[in-house]
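Just so you know, the sequences run in chain order A, B, C and D. Per this note's numbering, the very first residue in the first sequence carries number 343; after that it's consecutive. Per this note's numbering, the very first residue in the second sequence carries number 343; after that it's consecutive. Per this note's numbering, the very first residue in the third sequence carries number 12; after that it's consecutive. Per this note's numbering, the very first residue in the fourth sequence carries number 12; after that it's consecutive. The beta carbon of each residue, even a glycine, is placed where N, CA and C say it ideally should be. Here is the structure we will look at, set down as structure tokens.
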Amino acid sequence: MTDIKNIQKYTRKDFVSDQEVKWCAGCGDYSILSAVQNALPELETEKEKFVFVSGIGCSSRFPYYVDTFGFHGIHGRAAAIASGVKSANPRLNVWIMSGDGDSMAIGGNHFIHVLRRNMNVNYVLFNNQIYGLTKGQYSPTTPLGQVTKTSPYGTIEHPFKPGELAMGAEGTFYARGTDNNPKQMKEIFIEANKHQGTSLVEILQNCVIFNNNTHHEITDKTTRDDNQIYLKAGEKMIFGKEKNKGLVLDGLKLKVVTIGEDGYTLDDILVHDPSMEDPTMAFLLARMSLPEYPVAVGVLRAVVAPVYDQLMESQIEEVKSISKIKNMTDLMNSGHTFVL
Amino acid sequence: MTDIKNIQKYTRKDFVSDQEVKWCAGCGDYSILSAVQNALPELETEKEKFVFVSGIGCSSRFPYYVDTFGFHGIHGRAAAIASGVKSANPRLNVWIMSGDGDSMAIGGNHFIHVLRRNMNVNYVLFNNQIYGLTKGQYSPTTPLGQVTKTSPYGTIEHPFKPGELAMGAEGTFYARGTDNNPKQMKEIFIEANKHQGTSLVEILQNCVIFNNNTHHEITDKTTRDDNQIYLKAGEKMIFGKEKNKGLVLDGLKLKVVTIGEDGYTLDDILVHDPSMEDPTMAFLLARMSLPEYPVAVGVLRAVVAPVYDQLMESQIEEVKSISKIKNMTDLMNSGHTFVL
Amino acid sequence: MATNNNVIERERLVIKFAGDSGDGMQLTGTQFTDTSALLGNDLATFPDFPSEIRAPQGTIAGVSGYQVHIGHANIYTSGDKADVLVALNPAALAYNLKHCKPGATIIVDRDAFTEKAFKKAKIDSNPLEDGTLEHYNVIAPPVTTQCREVLRDSGVDSKTIDKTRNQFIAGILFYLFNRDPQLGIDFLAKKFAKKPKLVELNTLILKAGYTYAENVEAIHSTYLINPNIEKKGKFRNITGNQATAWGLMAASEKSGLNFFLGSYPITPATDILMELAKHKELGVKTFQAEDEIAGINSAIGASYAGLMAATSTSGPGLSLKSEAVGLAFITELPLVIVNVMRGGPSTGLPTKTEQTDLMQALWGRNGEAPIPIIAASSPADCFNYAFMAEKIAIEHMTPVILLTDSYLGNGSGLWKIPNMEDLPTITPRFAKANEPYEPYARDPETLARTWAKPGTPGAEHRVGGLEKSDVHGAVSHDPINHEKMTALRKEKVMRIANSYPAQEVFGKEEADLLVVSWGSSKGAAYSAFKNLEEEGKSVAFTNFNFIFPLPKETPDIFKRYKEIVVCELNDGQFVKYLRGEYPEFNYLQVNKMQAQPFMVSELTEKFNEILEAK
Amino acid sequence: MATNNNVIERERLVIKFAGDSGDGMQLTGTQFTDTSALLGNDLATFPDFPSEIRAPQGTIAGVSGYQVHIGHANIYTSGDKADVLVALNPAALAYNLKHCKPGATIIVDRDAFTEKAFKKAKIDSNPLEDGTLEHYNVIAPPVTTQCREVLRDSGVDSKTIDKTRNQFIAGILFYLFNRDPQLGIDFLAKKFAKKPKLVELNTLILKAGYTYAENVEAIHSTYLINPNIEKKGKFRNITGNQATAWGLMAASEKSGLNFFLGSYPITPATDILMELAKHKELGVKTFQAEDEIAGINSAIGASYAGLMAATSTSGPGLSLKSEAVGLAFITELPLVIVNVMRGGPSTGLPTKTEQTDLMQALWGRNGEAPIPIIAASSPADCFNYAFMAEKIAIEHMTPVILLTDSYLGNGSGLWKIPNMEDLPTITPRFAKANEPYEPYARDPETLARTWAKPGTPGAEHRVGGLEKSDVHGAVSHDPINHEKMTALRKEKVMRIANSYPAQEVFGKEEADLLVVSWGSSKGAAYSAFKNLEEEGKSVAFTNFNFIFPLPKETPDIFKRYKEIVVCELNDGQFVKYLRGEYPEFNYLQVNKMQAQPFMVSELTEKFNEILEAK
Ligand SMILES: Cc1ncc(C[n+]2csc(CCOP(=O)(O)OP(=O)(O)O)c2C)c(N)n1
Ligand SMILES: Cc1ncc(C[n+]2csc(CCOP(=O)(O)OP(=O)(O)O)c2C)c(N)n1
Ligand code: SF4
Ligand code: SF4
Ligand SMILES: [Mg+2]
Ligand SMILES: [Mg+2]
């Protein structure tokens with residue numbers, strides 16, 4: 343839609359604001375920021391058309407650091423604010439930046455509704471499984487039993503899996519990345535931006551201060567090859583240091599197999615197709631967790647579906663084109679009027 | 343847990359309150375009320391231990407009509423109020439009665455969180471796909487494109503499927519019934535009550551005034567045998583007037599087959615097992631919709647999982663048993679004190 | 012046209028239509044209202060629903076009503092007690108009798124007065140026979156029988172026939188009010204343009220009713236209400252909720268900005284959302300949010316994006332929005348929050364009217380966050396005040412709360428259709444492309460900051476809920492800056508009073524008593540004042556529509572009167588607010604907590620008591 | 012013990028510890044505080060965080076502080092400007108110098124004053140050398156070098172060594188205050204009981220610091236603060252948030268009801284949730300809800316179920332809860348809503364203090380819903396007022412709002428440990444099994460309704476947000492019933508004032524000036540009043556803890572004074588409220604909108620100005 347030739351060539355620097363970044367040293371948010379700043383120049387969008395909207399939380403400070411339009415909202419309401427921005431002007435490129443508490447605790451309702459409506463926004467969920475800003479209480483994604491400041495004897499709450507909840511809410515796009523893989527994050531953000539509809543990107547993010555190493559098993563460089571599977575459209579679902587492990591379907595379950603063992607060959611391995619309309623495969627992939635499965639990263643689901651803000655515009659255009667009422671004067675003088 | 347022999351034998355009448363029922367003539371809520379009143383005497387629970395909690399909506403008037411303890415809350419908050427009641431006193435038998443707007447619009451966040459926590463309550467969702475009480479605006483379950491008072495040109499919102507969202511929220515029990523099948527509703531309510539954890543029961547309910555016949559295709563007596571499949575634990579997934587249709591698995595999809603056709607025999611038909619921990623089958627069953635599939639009724643999922651209010655109690659008991667602090671005097675005098 | 016020897020000219024009359032919700036009382040009421048308007052009467056209407064849930068037919072709880080007040084004189088309220096009551100069943104009669112004037116004309120369907128019906132209505136004997144109606148003028152035709160008789164050969168079933176009963180009554184009313192029945196028939200023809208059969212049936216019945224009235228001896232005299240001659244021009248009958256919606260839309264057209272409403276349905280504000288949802292032809296965007304919080308936050312987002320934005324709700328919804336109202340305030344974004352008040356506290360009496368959200372509007376959010384508050388006073392002037400609210404929001408870069416209520420929102424009155432050119436201009440101040448932009452730099456006169464729409468190159472900036480540094484808008488925890496920003500935000504809002512129209516005072520320049528009302532109490536308070544003035548009492552009257560900040564001349568007005576009495580439908584919120592603002596005056600108060608509008612008669616009485624006590 | 016020729020006895024002293032969050036200033040502050048308490052000094056503390064996010068090390072924005080005010084005299088505030096400043100880096104010095112008294116003692120680590128550090132702190136030259144500290148008493152040992160030297164052979168890395176720097180300073184302070192260093196060592200031994208290595212290292216360093224101080228010539232004189240003799244008994248140092256939590260728990264024990272908290276974390280109220288979550292041994296149930304709305308609604312549910320229930324939050328959270336506060340009000344269920352105020356509006360200044368939620372507490376919900384409001388005045392008395400709030404809630408069957416703030420919640424003071432037997436009784440009135448029960452029947456004295464726990468046979472009943480009929484509690488839209496219920500609910504709350512303790516007035520019975528404060532402004536206002544009283548001025552003082560309803564004797568007190576001045580950390584909310592309640596008095600006001608507590612000096616000055624202007 344945008345007239346590409348008119349867009350100047352941006353670099354990362356164009357998206358760095360003059361605000362001092364105030365995250366703890368070593369916080370995973372830094373790399374997410376820089377991956378976003380690296381991705382933005384490649385999105386072929388005028389800088390002034392970007393709007394970053396957030397709630398409250400460490401992660402929600404994000405908009406201050408990007409030199410575009412930004413809205414640091416109130417806790418949990420980023421999706422609602424962004425829905426207003428995008429419905430008001432579908433030509434803006436809107437990003438929601440939000441933490442696990444912001445999105446899935448107080449903001450849970452807006453989270454599922456923005457997905458359901460399929461508003462055309464990019465939604466980055468910083469999942470550090472803790473409330474960082476308020477200094478270490480458990481969040482809706484904190485594993486059952488974890489000791490935190492509000493669960494001195496361990497939590498008694500079963501956590502959400504963001505991807506699974508997104509499928510339950512009929513989300514059309516879901517991807518997962520990790521804060522220590524900037525290149526992959528950048529790729530994912532570019533894919534997310536391409537998708538028409540709500541593009542949910544969960545980043546496994548480390549909070550060094552209050553939940554250090556919570557994703558360690560998944561993200562650690564020494565184990566990640568075995569504990570992650572990077573899914574790419576059209577490619578086989580293969581992983582492992584030796585690239586010899588893969589996923590096959592076993593009834594209604596996924597199964598990890600070693601190629602060349604137990605009679606499994608490369609041909610048996612599933613091919614990833616994020617565009618399948620039926621969400622079941624994405625549901626299975628999103629649910630995979632250690633130790634039984636590797637954790638899936640990359641774009642798990644990206645399907646074409648009607649987009650709220652586009653439907654809103656086209657409905658208005660349609661009604662406009664057929665209505666005889668062209669302005670308030672027409673309207674006020676229509677129907678039952680009386681001249682006294 | 344309850345001492346059964348001490349419980350008097352109740353009849354339906356014991357649960358009829360003295361309040362005049364104020365639903366429209368022909369409203370589906372009447373039959374749900376009577377199915378609940380029929381089920382209660384069979385739950386082997388003292389009448390005074392029942393608490394019915396609701397939000398706001400036509401359906402949320404429910405507690406007034408049952409002669410037990412009742413709390414007609416505020417819009418969307420039934421699950422939160424009920425969570426407090428149940429955590430406060432796990433020995434109460436708590437029912438949430440709530441509409442599709444109450445539960446999935448304003449109450450969406452509490453809905454997914456009560457499911458996630460697996461609070462031991464029964465949750466009846468009256469799904470008439472409309473806001474009844476406020477006279478006919480679309481709800482989060484209204485089909486895309488439907489004309490309502492707030493969508494004069496048709497909605498542009500993709501609806502939730504309650505069961506699917508419940509699976510996304512890691513719900514442990516989900517059942518579906520229809521307002522014109524009282525016997526089945528009663529059976530389902532009894533099953534729901536047995537389940538330890540949040541038992542979500544969606545009832546397809548007709549609003550004669552603002553959304554008449556919205557479930558007609560599914561519930562109509564002339565077509566329901568073909569359009570519904572009543573799932574029972576341990577039984578084959580068979581349906582149809584002739585009881586000759588069934589469900590089989592085809593890759594990751596369910597498929598409707600006719601027994602005796604295309605080579606399918608009774609043996610090929612899936613057996614229903616609601617107790618499967620993996621939610622994928624329940625996800626598939628909950629998603630089935632006309633015309634491709636029959637709509638599943640009965641208990642789709644019922645799995646054993648830790649229960650919030652029970653964990654809360656046992657954690658307290660455990661800490662009590664090991665702590666030296668027995669009362670406030672102990673506590674206030676513990677640690678750093680100074681005698682001046 | 013009826014020619015009756017005994018035609019009584021009346022200044023004003025109140026007609027109440029009551030029955031089950033299926034009885035078509037709303038339709039007959041509208042038909043009567045429209046006809047009155049066509050004939051040049053001034054008017055006001057008010058529907059009276061029993062509760063949100065449709066109660067069982069024939070019961071008292073199920074009675075639904077529609078009251079019309081028409082006049083040769085100017086009409087300011089929907090009327091106190093009824094001169095004419097139409098009651099289509101015994102429950103409707105039982106419920107409404109206490110709201111009728113002594114000697115009122117009562118029109119019933121005799122056929123509906125059966126034992127079964129009495130039981131449903133919980134009455135012991137037949138009021139038509141037991142003396143209950145002794146002192147009334149009763150017209151009790153066997154309407155059902157008549158209708159079935161008239162339509163015997165029409166080929167439609169009796170259920171359909173019974174639904175025409177209201178038109179038999181309409182026919183009687185046309186006779187009773189000396190009106191040409193053709194006007195009623197024309198209304199039907201328009202109303203049911205797509206259902207000619209319905210037009211035919213109802214027309215037959217209306218005529219039958221008229222004929223019946225001509226013949227029956229119960230009608231001793233008929234009424235004539237002459238046209239109101241003060242009102243001239245093109246009018247329409249409009250409810251407050253519709254007028255609010257249209258006022259917002261007119262402001263949008265005037266400002267050149269598209270309009271966005273983020274809202275969640277709630278009685279009695281839902282109509283505004285429903286009305287706006289209809290007007291896609293004018294580019295209106297309505298976002299039916301998942302809850303009130305998303306409603307206002309989406310509107311804040313739309314405002315940030317450069318649209319004219321509003322959110323609409325009622326009391327409990329305003330509570331839910333309060334955190335976000337603070338966000339709109341600190342980000343200094345234009346936003347109109349329409350609150351159609353209803354009976355509280357909590358869910359309260361959701362279909363009834365009250366003015367109990369004033370203090371919530373003034374104070375219902377954390378921190379120091381003074382927000383302009385405007386209150387409408389009649390169904391028709393909801394248009395102007397909605398328009399004004401948007402003008403202030405946009406030109407002063409602030410959220411504005413507009414208070415109306417169930418009485419205004421659901422009530423209707425004649426509204427003079429304005430010329431769009433005559434409405435004030437609305438001029439948003441947007442940042443220009445590629446010019447230096449500071450988010451918290453201010454217009455020296457209004458102190459409004461400049462609005463920078465995303466999409467404006469060079470105006471990239473960040474706003475948010477944290478305190479910001481003056482001019483530059485960086486996050487700031489500096490104590491002195493906070494004090495300064497707090498003062499600036501307040502001063503900006505206080506300066507809005509500079510552009511108010513003069514506060515109108517009616518009656519004497521100086522007098523014994525100044526009657527004060529605000530918002531929807533105006534109609535009754537003004538009418539009561541008028542009564543006293545006509546009696547030659549030393550009184551004056553003023554009504555507040557601009558609630559915060561108050562008009563600057565307020566103390567100058569107050570000091571000219573010996574006594575001040577403040578009337579409001581709450582436990583004394585405005586009066587408490589006035590005491591806090593102008594403690595130098597002594598205020599008397601009249602409050603009513605019945606979730607019902609004031610009656611002119613009760614206010615007249617109270618004011619007289621005050622004057623006599625002196 | 013140090014024997015220095017030049018020992019100065021002081022009534023009170025303020026010591027401020029400042030550095031990066033990793034510098035252990037909180038620990039050193041607590042060590043100093045506890046030692047002071049052991050020695051019998053009265054005290055108050057206040058931490059001063061820069062913002063919720065941890066800012067980069069070494070920057071001004073990253074400075075975190077801890078202030079202690081100790082005294083032989085009674086201590087009412089955490090102190091104005093510091094007598095002694097510990098600044099572990101240049102940023103800490105630069106930020107805090109303006110908060111030091113002229114001539115204050117400044118203790119720094121000379122080694123931390125590097126070019127790199129100046130750059131981070133954004134200062135141009137070395138303050139130790141450029142004359143900045145000319146008029147101060149500077150103690151600037153090379154702490155880092157010394158520590159590394161002392162622990163050279165300890166086998167630990169320099170990062171670990173550098174973390175002991177604060178104990179070198181502690182050693183200096185023990186000398187400076189004529190204290191036995193063993194007290195500090197004992198503190199370390201307790202604190203790090205499970206980490207003996209840490210105890211060993213820190214002890215060595217503390218001793219080294221002490222020795223250094225003995226030798227260094229910068230210390231011309233040392234301080235002695237004698238024990239406070241007015242305080243006798245067993246004390247502990249307690250923060251306001253902890254005291255609030257314990258007050259609630261004590262109320263629970265007294266009433267015999269289990270305690271339930273439904274809450275969502277929010278600064279600065281989170282500590283209450285965290286404290287309560289620890290006490291499962293006493294049966295405390297904490298439900299960390301998905302949001303504030305679920306927090307309060309779960310607490311309402313728990314209250315309905317018969318537990319003692321509360322919810323805790325801060326400003327924006329109170330906004331979100333406002334709808335449900337109305338529900339608790341109309342269902343007449345006991346519930347304590349603790350609101351720890353912070354800087355607003357909106358997200359505002361979340362780590363700073365303000366008293367700007369008073370009006371929100373009074374009015375922030377729809378309809379007429381008057382709710383008792385209590386405000387605490389010191390960290391320690393948060394215990395009493397939390398206890399009182401529960402007592403009132405339970406015995407009067409009403410939600411109660413308890414206001415504290417960031418200053419009280421995070422600050423600490425000495426708290427005399429009460430005997431549980433001495434605390435007032437709390438007596439819930441529950442419905443009895445198998446006895447007739449009417450939900451809205453009332454106790455004739457208090458007008459409280461009877462609480463019926465689910466599980467009580469025969470007490471089955473329904474409550475809810477809709478208006479209910481008097482006594483029976485059926486849904487009612489009856490106008491007269493609504494008026495009656497509104498009046499009953501209000502009267503019930505007004506009668507709470509019957510059981511208040513007498514409103515304390517300090518100073519003259521009649522005087523030129525009455526100083527009025529409420530909540531946390533008490534400490535500074537009282538101290539300023541004391542200053543004036545000592546100067547022989549004609550003044551008196553009273554502080555309000557019971558905000559709504561106000562103590563009945565309030566007007567009788569006010570009328571005895573020529574001038575009344577109301578001090579509060581907002582734009583004038585309490586004073587506006589007083590004007591509305593008692594418009595017959597003239598009120599002067601002192602307000603501060605810097606999200607910082609009052610300083611005694613600024614209030615003293617203001618009061619003097621008022622007295623002189625007369
Ligand atoms: C209405 C409201 N409630 C609570 C808070 C306090 N609060 C701020 S951020 C936050 C949670 C932060 O967690 P998350 O969203 O996971 O972000 P993170 O800091 O971990 O990036 C909370 C509870 C608030 N600011 N506003
Ligand atoms: C805070 C608040 N917002 C909105 C409303 C208005 N309201 C009451 S019920 C309702 C929706 C009812 O729909 P549903 O939950 O589906 O119940 P139904 O009437 O269809 O049984 C709405 C919008 C309210 N009472 N309170
Ligand atoms: S607290 Fe955790 S999430 Fe927040 S900035 Fe620090 S490391 Fe990052
Ligand atoms: S409006 Fe619909 S849902 Fe409500 S009572 Fe009537 S039929 Fe039932
Ligand atoms: Mg987090
Ligand atoms: Mg519904």
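Quick check: is any heavy atom of ligand 3 less than 6 Å from the C-beta of residue i?
i, result
"A/Gly474", "yes"
"A/Val550", "yes"
"D/Trp628", "Nothing about residue 628 of chain D can be read from this structure; chain D reaches only from 12 to 625."
Can you list the residues of chain A that residue i reaches, using a CB-CB cut of under 7 Å?
i, result
"D/Lys289", "Pro494"
So what does DSSP say about residue i, is it helix, strand or coil?
i, result
"C/Thr436", "coil"
"C/Tyr234", "strand"
"C/Gly73", "helix"
"B/Cys400", "coil"
"B/Met343", "Residue placement at B/Met343 is flagged as unreliable, the pLDDT there being 43, under the threshold of 50; a coordinate-derived value is accordingly withheld."
"D/Gln68", "coil"
Check the Cβ of residue i against every Cβ in chain B and list those closer than 9 Å, keeping chain order.
i, result
"C/Ile277", "His417, Thr476"
What first and last residue would you give for the alpha helix (DSSP H) that runs through residue i?
i, result
"C/Lys218", "207-226"
"D/Ala400", "393-407"
So residue i contacts chain D; which residues on that side make the cut at Cβ distance below 7 Å?
i, result
"B/Pro648", "Correct list: empty, because the minimum Cβ distance to chain D is about 16 Å."
If you measure beta-carbon to beta-carbon, which residues of the stretch 241-262 of chain D are closer than 9 Å to chain B? Lys242, Lys243, Gly244, Lys245, Phe246, Arg247, Asn248, Trp257, Met260, Ala261
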